[in-house]
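Novice: Yeah, the sequence shown ends on 239 if you go by the UniProt record's numbering, and it's all consecutive.
Quick one: the structure is below, and I'll ask about it shortly.
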Amino acid sequence: MAQPSRGGYLWNDIDIARRSDLKIGIIGAGNIGQALARLAVANGHTATLSNSRGPETLRDVIAEIGCQAKATADIPSVSDIVVLTVPLTAAFKIAPHLLDGRLVIDTNNYYPDRDGKITMLDQRETTTSQMIANHFSGATIVKAFNAILAKDLLDPVILPNAAKRALPIASDDTAAKAVLTALQADFGYDTVDAGHLVDSWRFERAKPAYCIPLDTSGLISALAAAERDKELPEGSWRR
Ligand SMILES: NC(=O)c1ccc[n+]([C@@H]2O[C@H](COP(=O)([O-])OP(=O)(O)OC[C@H]3O[C@@H](n4cnc5c(N)ncnc54)[C@H](OP(=O)(O)O)[C@@H]3O)[C@@H](O)[C@H]2O)c1
Numbered sequence: 001m002a003q004p005s006r007g008g009y010l011w012n013d014i015d016i017a018r019r020s021d022l023k024i025g026i027i028g029a030g031n032i033g034q035a036l037a038r039l040a041v042a043n044g045h046t047a048t049l050s051n052s053r054g055p056e057t058l059r060d061v062i063a064e065i066g067c068q069a070k071a072t073a074d075i076p077s078v079s080d081i082v083v084l085t086v087p088l089t090a091a092f093k094i095a096p097h098l099l100d101g102r103l104v105i106d107t108n109n110y111y112p113d114r115d116g117k118i119t120m121l122d123q124r125e126t127t128t129s130q131m132i133a134n135h136f137s138g139a140t141i142v143k144a145f146n147a148i149l150a151k152d153l154l155d156p157v158i159l160p161n162a163a164k165r166a167l168p169i170a171s172d173d174t175a176a177k178a179v180l181t182a183l184q185a186d187f188g189y190d191t192v193d194a195g196h197l198v199d200s201w202r203f204e205r206a207k208p209a210y211c212i213p214l215d216t217s218g219l220i221s222a223l224a225a226a227e228r229d230k231e232l233p234e235g236s237w238r239r
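Written out as structure tokens, the structure reads:
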């Protein structure tokens, strides 16, 4: 299925069988942005970071990671895949059409203390990823890397019997999920498909699958155990 294009670029031209040197643009250069940039570079990809203050403020960070920096407005022009990893409400301040035609990895979570109260989320009428998809309506959104702590991306937790950790993803686009499954395999993770964006509440903040290191069967059980109105105690997922 053809995706809307920007500058002639079609993300579903990504050949996942030959995915060396993907260009991964990362909007947000904090904990998760930097951790994913490191993983991208370590796996032979090109990473470009942006933040709210401009690329010159990232000079030391990019030198240390071995990646690039650009203004956020320039990220799509240097990216096969865009990672959106900013505080949730900051995402809605980014121009909606900036990511038209792009495959966008949405790592964002809702923290009311940080983001302010968002009634639609508090009343379980939508998910964070559906809100992102509504804002960036010309992009293809995959929820991923939201349910793992940045420190665990950098220093993976050893599971019992050295089982491989699995991470959940959700998207309304099957091809996009295949790209994410391949990328997560490169980064050392199994993937559990948790369904569409409407289902992604199952691994939002304070659900049993949120930031708990689990293998595939454990993650499948945790996703199934999630209840929409039930939250784990705040911070119980941080060891
Ligand atoms: N930390 C974790 O372990 C973790 C795990 C999973 C998911 N998440 C989620 O992932 C997202 C990012 O988390 P984080 O911990 O990496 O955040 P963070 O460390 O606070 O970093 C946020 C980054 O976003 C940038 N930013 C803010 N507004 C922006 C804008 N309008 N345009 C471009 N960049 C902007 C900031 O740039 P400036 O510094 O220049 O303002 C900063 O580089 C959040 O939604 C979080 O809930 C976090």
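All residues carry an ideal CB built from backbone N, CA and C; glycine is no exception.
1. Can you list, in chain order, the residues of its chain whose CB lies under 7 Å from that of aspartate 21, leaving out five sequence neighbours each side?
2. Output yes or no for whether 8 Å exceeds the beta carbon distance between phenylalanine 136 and proline 96.
3. What does the Cβ neighbour count give for asparagine 51, buried or exposed, with the cut at 16 atoms within 10 Å?
4. Examine the Cβ distances between the stretch 200 to 208 and the stretch 178 to 190 and report whether three or more of them are shorter than 8 Å.
5. Within its chain, find whatever has a CB closer than 8 Å to the CB of isoleucine 169; leave out the 5 residues flanking it on each side and keep chain order.
6. For proline 233, count neighbouring Cβ atoms within 10 angstroms of its own Cβ and tell me buried if that reaches 16, exposed if not.
7. How should threonine 57 be labelled, buried or exposed, when 16 other C-beta atoms within 10 angstroms of its C-beta is the threshold for buried?
8. Assuming asparagine 109 and glutamate 204 make a contact with CB atoms under 8 Å, what is their CB distance in whole Å?
9. Kindly list the residues whose CB is nearer than 6 Å to the CB of tyrosine 189, restricted to its own chain and excluding five residues on each side of it in sequence; keep chain order.
10. Could you tell me the alpha carbon to alpha carbon distance between serine 5 and arginine 102, rounded to whole angstroms?
11. Grab me the residues of alanine 224's own chain with a C-beta within less than 7 Å of its C-beta, minus the 5 sequence neighbours each way, in chain order.
12. What three-state label does DSSP hand glycine 33 in the structure shown?
13. Just the C-alpha distance for methionine 1 and arginine 239, rounded to the nearest angstrom, thanks.
14. Going by C-alpha distance, which of Arg18, Ala17 and Ala69 is nearest leucine 49?
15. Could you tell me if the beta carbon of threonine 85 falls within a distance shorter than 7 Å of some heavy atom in ligand 1?
16. For valine 83 versus isoleucine 105, is the C-beta distance shorter than 8 Å?
17. Could you give the uninterrupted runs of the beta strand (DSSP E) lying entirely in the stretch 56 to 139, keeping only those of 3 residues or more?
18. Would you call glutamine 123 buried or exposed, if buried means 16 or more other Cβ atoms sit within 10 Å of its Cβ?
19. Taking the DSSP output, what are the residues bridged to aspartate 193?
20. How about alanine 139 and leucine 99: are their beta carbons less than 8 Å apart?
21. Please report how far the alpha carbon of valine 157 lies from the alpha carbon of isoleucine 27, in whole angstroms.
22. Taking DSSP as the reference, what is the three-state secondary structure of glycine 218?
23. Going by CA-CA distance only, name the one from Asp155, Gly235, Pro160 and Ala133 that's closest to isoleucine 32.
24. Near leucine 121, what residues of its chain come up, given a Cβ to Cβ distance below 6 Å and the 5 sequence neighbours on each side ignored?
25. Is it right to say alanine 91 is buried, meaning 16 or more other beta carbons lie within 10 angstroms of its own, or is it exposed?
Specialist: The structure says:
1. Counting only Cβ-Cβ distances below 7 Å, and skipping sequence neighbours, we find Gly44, His45 and Thr46.
2. Yes, these two residues count as a Cβ contact at 8 Å.
3. By the neighbour-count rule (16 or more Cβ atoms within 10 Å), asparagine 51 is buried.
4. no
5. Val142, Lys143, Ala144, Lys177, Leu180, Thr181, Gln184, Thr191, Val192, Asp193 and Ala194
6. exposed
7. exposed
8. 6 Å
9. Arg165 and Leu167
10. Since pLDDT at serine 5 reaches only 41, below the 50 mark, its modelled position is unreliable, and no value is offered.
11. none
12. helix
13. With a pLDDT of 41 at methionine 1, under the threshold of 50, the predicted position of this residue should be treated as unreliable, though the coordinate-derived value follows. About 43 Å.
14. Ala69
15. Taking 7 Å as the cut-off, the C-beta of threonine 85 counts as close to a heavy atom of ligand 1.
16. yes
17. 81 to 84 and 103 to 106
18. exposed
19. Ile169
20. yes
21. 26 Å
22. helix
23. Asp155
24. Tyr110
25. buried
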